[in-house]
Amino acid sequence: MSDAASGEGIGQPVRRKEDYRFITGNGHYTDDINRPRQTFVYFLRSPHAHARIKSIDTSAAEAAPGVVAVFTGKHVANDGLGGLICGWTVTSKDGTPMKVGPHPILALDTVRYVGDHVAMVVAETLADARAAAELIEVDYEALPATVSLSSCQDGKAPQVHAEAPRNTCFEWELGNKAETEAAFAKADRVVKLDLKNNRLIPNAMEPRAAIGEFDKGTGIYTLHTTSQNPHVARLVLSAFVGVAPEHKLRVIAPDVGGGFGSKIFIYAEETACVWAAAKVGRPIKWTADRSEAFLSDAHGRDHLSHAELALDKDGRFLGLRVKTIANLGAYLSTFSAAVPTYLYGTLLSGQYDLPAIHVEVDGVYTHTAPVDAYRGAGRPEATYLIERIVETAARETGIDPAEIRRRNYVKTFPHQTPVIMNYDAGDYAASLDAALDAIDYKGFPARKAEAARRGMLRGIGFSSYIEACGLAPSAAVGSLGAGVGLWESAEVRVNPTGNIEVLTGSHSHGQGHETTFAQLVASRLGVPLANVEIVHGDTDKVQFGMGTYGSRSGAVGMSAIAKALDKIEAKAKKIAAHLMEAAVEDIVFENGVFTVQGTDKSLAWAELSLAAYTAHGFPSADIEPGLKEGAFYDPTNFTFPAGCHICEVEIDPDTGIVKIAKFVAVDDFGTVINPMIVEGQVHGGLVQGIGQALL
0 MSDAASGEGI GQPVRRKEDY RFITGNGHYT DDINRPRQTF VYFLRSPHAH ARIKSIDTSA
60 AEAAPGVVAV FTGKHVANDG LGGLICGWTV TSKDGTPMKV GPHPILALDT VRYVGDHVAM
120 VVAETLADAR AAAELIEVDY EALPATVSLS SCQDGKAPQV HAEAPRNTCF EWELGNKAET
180 EAAFAKADRV VKLDLKNNRL IPNAMEPRAA IGEFDKGTGI YTLHTTSQNP HVARLVLSAF
240 VGVAPEHKLR VIAPDVGGGF GSKIFIYAEE TACVWAAAKV GRPIKWTADR SEAFLSDAHG
300 RDHLSHAELA LDKDGRFLGL RVKTIANLGA YLSTFSAAVP TYLYGTLLSG QYDLPAIHVE
360 VDGVYTHTAP VDAYRGAGRP EATYLIERIV ETAARETGID PAEIRRRNYV KTFPHQTPVI
420 MNYDAGDYAA SLDAALDAID YKGFPARKAE AARRGMLRGI GFSSYIEACG LAPSAAVGSL
480 GAGVGLWESA EVRVNPTGNI EVLTGSHSHG QGHETTFAQL VASRLGVPLA NVEIVHGDTD
540 KVQFGMGTYG SRSGAVGMSA IAKALDKIEA KAKKIAAHLM EAAVEDIVFE NGVFTVQGTD
600 KSLAWAELSL AAYTAHGFPS ADIEPGLKEG AFYDPTNFTF PAGCHICEVE IDPDTGIVKI
660 AKFVAVDDFG TVINPMIVEG QVHGGLVQGI GQALL
């Protein structure tokens with residue numbers, strides 16, 4: 000590491016490069032963009048959870064002031080566009096594929112949830128579009144709706160899709176049922192738990208937005224959108240929906256103000272905007288207001304589960320069986336089938352040495368907003384279930400909750416779980432011990448007694464979590480139904496002055512990639528952080544990438560950059576060897592300087608960068624001019640960060656007011672690129688988790 004990078008490289012708490020423009024109002028978000036001759040769109044949405052559309056009269060709206068066009072589902076269908084897709088196919092335990100109902104961009108004859116898209120009004124101003132939408136006359140025949148997870152499969156509940164009898168999309172299982180039944184047969188105790196994991200609505204600082212544009216002269220469509228993965232959006236819109244050929248569609252995701260999973264997916268609004276832009280011959284802009292976002296963003300969680308844990312007489316775990324009903328909402332979203340299956344069932348072993356696990360998940364349709372990934376996406380649901388049943392076991396057996404966890408932790412690695420995952424490393428007891436010390440667990444009984452004297456209730460709760468990060472090996476996910484590989488790409492360009500551009504397929508929406516990715520480059524090449532520029536979010540600049548979700552940017556996106564840097568260094572050493580008339584094997588690169596081992600010959604990074612482009616006297620057979628390299632990285636396994644969180648609360652039994660007295664988080668993340676950013680991520684996760692628990 001160079002002196003310039005010594006305080007900026009890996010492991011340093013560098014302030015985020017992007018923060019200045021954000022906190023001074025100089026961010027460049029989709030809603031900040033305005034195009035020449037731009038129009039605005041307002042979507043008319045269903046007020047019913049389930050209804051038949053008998054007729055739609057748009058004549059008054061079309062004649063309203065400022066209106067450019069009004070479109071309904073028939074216009075979309077007449078243009079031959081396909082519906083929205085789910086990019087992950089789940090197979091039921093009987094071997095049949097999941098049952099998929101149609102997901103139209105604008106509803107045709109039926110609406111299936113409150114907020115379903117009925118029509119779009121394009122006008123000169125948003126106010127004009129909104130006013131005209133009030134003039135659209137829709138004759139609805141309201142129908143009974145299915146909203147209850149407990150009864151949606153009883154054969155009596157109204158059908159959401161004719162393609163899915165009993166409203167069941169799939170009946171999936173994982174693990175060995177026979178081995179699990181055998182484990183329960185020899186158990187000394189069986190602990191049971193019924194659990195509801197409530198539905199959540201994402202609420203990023205920036206609502207979703209889109210601007211669709213069509214250039215008739217070139218035939219190129221451009222979509223500015225609040226997306227976590229613009230390349231996948233382009234792929235789906237071109238290959239499956241049929242909006243435009245892929246090479247004629249540019250998707251740009253500029254600064255994105257938070258996503259938490261909800262901006263991974265391809266939605267009807269952005270699809271309609273880019274399609275309609277060609278129909279009216281003008282750019283079309285849409286930005287959700289907060290109420291609209293609550294209706295139209297994909298929701299999260301919403302599980303109903305029954306779990307049973309088998310234990311021997313010493314409180315050691317023998318087996319776990321789980322039956323979960325997962326709400327998918329009215330339509331399958333882009334990755335919704337994977338979230339309650341492969342992102343949930345595979346983590347039900349937690350940190351524990353569980354010899355046998357069998358999990359069954361029924362994915363069901365209801366007349367509610369679609370459900371997909373929300374922060375953690377399946378992994379928090381698994382942790383919540385396993386930790387709640389472990390806590391129940393501690394109470395029923397009388398074993399201290401810390402001790403029952405310690406007794407059952409995985410202790411040797413690598414560890415193969417019964418549900419696919421192979422944990423590479425960990426020391427779960429160390430995290431537990433650090434958390435117990437930090438919260439002063441031994442002093443809790445005294446604090447509890449003191450609270451009781453004041454008439455207060457004081458309690459303490461544990462969560463020993465494990466996460467599967469670095470989503471995911473392409474061969475593995477492909478065999479499990481994923482429609483795409485989950486590698487990542489990177490290109491590193493060294494300019495003649497020695498400045499560096501990194502083009503990455505990852506996408507930042509608050510994670511700080513412009514800082515952390517640059518820290519990796521600064522550490523490897525010995526250059527100042529200010530000399531590194533991170534480019535992302537534009538399909539015309541970055542050839543292809545898989546975006547950011549599934550805690551994958553560091554483990555996968557940065558690994559692709561590291562591979563490209565390996566190639567940069569290898570070529571740079573060849574150039575240095577040529578310039579200093581030495582063997583490549585004798586070139587040492589350190590602190591941004593190339594030296595010939597055992598001599599005083601040296602070449603600074605900036606000198607070599609310029610020489611790479613002047614290319615004087617290069618042996619053409621061995622060294623090409625320039626210094627630019629690309630790489631793709633496909634992980635061979637997940638990474639498995641883990642930790643222990645302990646929360647101590649005090650409750651006023653008269654008012655129900657809850658006060659968090661102490662919260663301790665001990666996390667084992669391995670190599671930390673930027674401790675300050677990681678701490679911020681942990682704080683954000685804690686707040687969201689506390690919010691779900693209390694609200």
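Sequential numbering of the sequence shown, starting at 0, is according to numbering that gives the first Met the number 0.
The C-beta atom is built at its ideal place from N, Cα and C for all residues, glycine as well.
Beyond the five residues adjoining it in sequence on each side, Val235 comes within less than 6 Å, by CB distance, of Ile265 in the same chain, given in chain order. The criterion of a C-beta distance shorter than 8 Å is satisfied by Gly525 and Trp604. Bounds of any beta strand (DSSP E) do not take in Phe183; it lies within the alpha helix (DSSP H) bounded by Lys176 to Ala184. The DSSP-derived three-state label of Met119 is strand.
By the CB criterion at 8 Å, Ala76 and Leu134 fall outside the cutoff.
The residues Phe316 and Leu319, in chain order, have a CB closer than 6 Å to that of Leu353 in the same chain once the five nearest residues on each side in sequence are set aside.
Comparing alpha-carbon positions, the option among Thr396, Leu107 and Ser552 lying closest to Thr638 turns out to be Ser552. Only exposed fits Pro413, as fewer than 16 other CB atoms lie within 10 angstroms of its CB. Ile656 counts as exposed, since fewer than 16 other C-beta atoms from the protein chains shown sit within 10 angstroms of its C-beta.
Here the alpha carbon of Asn407 sits roughly 10 Å from the alpha carbon of Ala401. Of the candidates Lys573, Asp399 and Ala582, Lys573 places its Cα closest to the Cα of Leu626.
Note that the C-beta distance between Leu693 and Phe662 is not below 8 Å.
Annotation note: the region 197-252 contains the following uninterrupted beta strand (DSSP E) runs of length 3 or greater, listed N- to C-terminal: 208-214, 219-224 and 248-251. It is roughly 8 Å from the alpha-carbon of Thr613 to the alpha-carbon of Pro624.
Non-local C-beta neighbours of Leu173 in its own chain, meaning closer than 6 Å and more than five positions away in sequence, comprise Gly344, Val358 and Val418, ordered along the chain. Following the DSSP letters along the chain, one finds Leu303 in no alpha helix (DSSP H) but inside the beta strand (DSSP E) bounded by residues Gly299 to Leu310. In the DSSP assignment, Cys646 forms a beta bridge with Gly460 and Phe662. If you draw a straight line from the Cα of His102 to the Cα of Tyr330, it is about 6 Å long. Runs of the alpha helix (DSSP H) spanning 4 or more residues and lying entirely within the region 121-148 occur at 125-132, in chain order. For Ala292, the CB contacts under 6 Å within the same chain, skipping 5 residues up- and downstream, are Pro206 in chain order.
The region 639-659 and the region 495-512 do not touch, with fewer than three beta-carbon pairs separated by less than 8 Å. Counting only runs of 4 or more residues that sit fully inside the region 256-336, the alpha helix (DSSP H) segments are 267-279 and 289-295, in chain order. In the assembly as shown, Gln510 is a buried residue. Its beta-carbon has 16 or more other beta-carbons within 10 Å. Annotation for Asp30: Ala208 and Thr286 place their beta carbon closer than 6 Å to its own, counting only its chain and skipping 5 residues before and after.
For Cys468, the beta-bridge partners assigned by DSSP are Thr638. Shortest Cα-Cα distance from Gly690 to any of Leu485, Ala276, Ser237 and Arg198 involves Arg198. Annotation: Thr594 is outside any alpha helix (DSSP H); the continuous beta strand (DSSP E) that includes it extends over Val592 to Val595. Within the same chain, and ignoring the five residues on either side of Ala68 in sequence, the residues whose Cβ sits closer than 6 Å to its Cβ are Val121 and Val279. The beta carbon of Leu470 sits closer than 6 Å to the beta carbons of Leu485, Gly549 and Arg551 from its chain, once the five residues preceding and following it are set aside; these are given in chain order. Assignment of Arg374 by DSSP, reduced to helix, strand and coil, places it in the coil class. Excluding sequence positions up to five before and after Glu532, its CB lies within less than 6 Å of the CB of Glu500, all in the same chain and listed in chain order. Looking at Thr538, Thr515, Glu136 and Arg457, the one whose alpha-carbon comes closest to that of Gln11 is Thr515.
Ser488 has Phe631 as its beta-bridge partners, per DSSP. A distance below 8 Å separates the beta carbons of Gln542 and Ser488. Following the DSSP letters along the chain, one finds Lys53 in no alpha helix (DSSP H) but inside the beta strand (DSSP E) bounded by residues Ala50 to Asp56.
The three-state secondary structure of Arg404, taken from DSSP, is helix.
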